[in-house]
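To convert, take the position in the sequence shown, counting from 1, and add 9; that gives the working numbering.
For glycine and all other residues, C-beta sits at the position ideal for the given N, C-alpha and C.
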Amino acid sequence: MRQWEMKRVSKSKLKPNLLKILRDIEKNGDEVIITDRGKPVLKISRYSENTDDVLHYLKNSIINYENPTEPVGIEDWDIFK
Numbered sequence: 010m011r012q013w014e015m016k017r018v019s020k021s022k023l024k025p026n027l028l029k030i031l032r033d034i035e036k037n038g039d040e041v042i043i044t045d046r047g048k049p050v051l052k053i054s055r056y057s058e059n060t061d062d063v064l065h066y067l068k069n070s071i072i073n074y075e076n077p078t079e080p081v082g083i084e085d086w087d088i089f090k
């Protein structure tokens, strides 16, 4: 399997092979997409406590912020929910 392709498993094949799939994910760090009637519905991946992986996506995401002490408008609060 190529590195950028995730393994796909249907729900019907997941149940009888769950332990093997979970062991593969734990050992290799692969991600598996679970499908229902050919459509992706779930993704199983190895757990990581390293929050740096998540936070690096946010680094440098705000290039310029004018008036950081200015209050947020009422219509903008939905963005923060």
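Less than 8 Å between the C-beta atoms of Ser21 and Ile34, yes or no?
For the purposes of this step, residue 21 is identified with residue 12 of the sequence shown, where counting begins at 1. For the purposes of this step, residue 34 is identified with residue 25 of the sequence shown, where counting begins at 1. No, these two residues do not count as a Cβ contact at 8 Å.
Please go through the segment 54-83 and give each complete alpha helix (DSSP H) segment of 4 or more residues, from N-terminal end onward.
If we require 4 residues or more, the alpha helix (DSSP H) runs fully inside the segment 54-83 come out as 61-64.
Would you give the residue range spanned by the alpha helix (DSSP H) that Asp33 belongs to?
Here residue 33 refers to the residue found at position 24 when the sequence shown is read from its first residue. Its alpha helix (DSSP H) spans residues 20-37.
Could you pull the start and end residues of the beta strand (DSSP E) that Ile88 belongs to?
The residue given as residue 88 occupies position 79 in the sequence shown. Per DSSP, Ile88 belongs to no beta strand (DSSP E) and is neither H nor E.
Confirm, please, whether the CB-CB distance from Lys16 to Val41 is below 8 Å.
As a working mapping, residue 41 is identified with position 32 in the sequence shown. As a working mapping, residue 16 is identified with position 7 in the sequence shown. Yes, these two residues count as a Cβ contact at 8 Å.
May I ask you to report which of helix, strand or coil DSSP gives Arg17?
Your numbering for residue 17 matches position 8 in the sequence shown. Correct three-state label for Arg17: strand.
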